[in-house]
Ligand SMILES: C[S@@+](CC[C@H](N)C(=O)[O-])C[C@H]1O[C@@H](n2cnc3c(N)ncnc32)[C@H](O)[C@@H]1O
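Residue numbers (my numbering): 9 to 322.
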């Protein structure tokens with residue numbers, strides 16, 4: 009069920025997706041430098057004592073950060089024999105790309121184990137697709153889907169799978185202000201751009217509403233800027249929960265997602281909740297107005313063949 013931890017891997021056999029400072033090895037990586045802003049990336053969630061299903065750990069930077077914050081992490085990575093959901097361009101387009109890809113994916117898996125061994129992580133890893141999470145892995149407090157769904161052709165199926173395994177979901181993905189106010193995903197590949205690795209930009213409201221359908225009632229959203237090899241990029245993070253208020257600090261809840269008052273509530277608490285929800289909704293509106301008034305945050309748009317929209321690709 010769990011992969012056997014690999015040891016004795018040389019750094020030169022690794023592809024480090026994340027920039028990391030590894031004791032004894034110095035700085036390694038990578039496409040994304042999340043150092044110093046990882047709490048924003050993970051929605052300011054308090055991981056102490058939580059069991060976490062982390063989908064797509066890549067080089068394991070988030071695995072380590074969540075573990076260091078007190079989580080027991082199970083990372084789920086694509087099995088060696090399977091690839092990502094590559095966009096089905098004609099074989100003549102994909103064949104040359106895929107030649108490198110098998111080796112890159114192996115070096116990516118190596119990098120996870122290198123991080124695991126170097127930082128002496130306790131986290132476990134299972135090789136399986138998030139489309140089909142093995143039942144024997146059990147239930148979790150939290151599932152983390154960070155920059156995975158944009159690479160998957162059926163993202164809502166993965167969200168559904170995770171929502172069946174955890175009552176709290178953390179979803180981080182690329183922010184595209186053009187989708188504000190919509191429940192939408194925007195298809196990135198075109199016949200011309202040969203964007204073979206990244207399918208979608210999402211609006212946060214797409215996930216909020218889908219999770220509301222699945223019984224989630226408490227939501228926080230934030231937009232943050234992270235450092236990629238392509239420069240700073242904007243991302244959104246949603247923390248969604250079925251049963252509990254997930255706020256670790258004051259952040260706006262998603263519009264229309266105010267928590268329903270409990271049946272046996274202290275007198276006056278319902279009014280207080282209503283006022284807080286109203287205030288939070290006003291903050292969301294204010295945030296939208298401010299965003300309209302400011303120049304747009306940098307988001308990668310429009311791509312040329314062989315380049316990637318998001319800077320996320322290992
Ligand atoms: C772009 S990286 C994101 C890494 C990390 N989560 C982060 O946010 O920095 C995507 C990761 O998801 C994995 N992945 C892609 N599709 C997957 C799937 N269907 N099931 C499990 N993992 C998947 C990739 O192999 C890779 O490790």
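Cβ atoms here follow ideal geometry from the backbone N, Cα and C, with glycine treated the same way.
The structure presented is a predicted model; accordingly, all values stated were derived computationally and were not measured.
In the DSSP assignment, the alpha helix (DSSP H) including residue i goes from what residue to what residue?
i: residue 209; result: No alpha helix (DSSP H) holds residue 209; the beta strand (DSSP E) holding it covers 208-210.
i: residue 4; result: Because the chain here runs from 9 to 322, residue 4 falls outside it and cannot be looked at.
i: residue 69; result: 69-76
i: residue 165; result: 163-171
Grouping DSSP H, G and I as helix and E and B as strand, with all else coil, what is residue i?
i: residue 145; result: helix
i: residue 229; result: strand
i: residue 183; result: strand
i: residue 15; result: coil
i: residue 196; result: coil
i: residue 62; result: strand
i: residue 26; result: strand
i: residue 219; result: helix
i: residue 118; result: helix
i: residue 234; result: strand
i: residue 95; result: coil
i: residue 140; result: helix
i: residue 188; result: coil
i: residue 177; result: strand
i: residue 90; result: coil
i: residue 263; result: Low confidence applies here, because residue 263 scores a pLDDT of 37, under 50, leaving its location unreliable and the question unanswered by this model.
i: residue 153; result: strand
So residue i packs on residue j, CB below 8 Å; how close in whole Å?
i: residue 42; j: residue 26; result: 6 Å
i: residue 159; j: residue 206; result: 6 Å
i: residue 83; j: residue 62; result: 5 Å
i: residue 139; j: residue 165; result: 6 Å
i: residue 219; j: residue 171; result: 7 Å
i: residue 67; j: residue 28; result: 7 Å
i: residue 176; j: residue 247; result: 7 Å
i: residue 195; j: residue 208; result: 7 Å
Excluding the 5 residues preceding and the 5 following residue i in the sequence, name in chain order all residues of the same chain whose CB lies nearer than 6 Å to its CB.
i: residue 168; result: none
i: residue 163; result: 157
i: residue 80; result: 59
i: residue 150; result: 58, 60, 174 and 176
i: residue 127; result: 72
Output the boundary residues of the beta strand (DSSP E) element that contains residue i.
i: residue 249; result: 239-249
i: residue 47; result: That residue, residue 47, is in no beta strand (DSSP E); its alpha helix (DSSP H) goes 46-49.
i: residue 158; result: Unbroken run through residue 158: none, as it is neither H nor E.
i: residue 80; result: 80-85
i: residue 34; result: 34-36
i: residue 133; result: 132-135
For residue i, which residues of its own chain have a beta-carbon under 8 Å away from its beta-carbon, when the five flanking residues on both sides are left out?
i: residue 50; result: 70, 73, 74, 152, 154, 178, 180 and 245
Within a Cβ cutoff of 7 Å, which residues of the same chain sit near residue i, ignoring the five residues on either side of it in sequence?
i: residue 214; result: 191, 192 and 193
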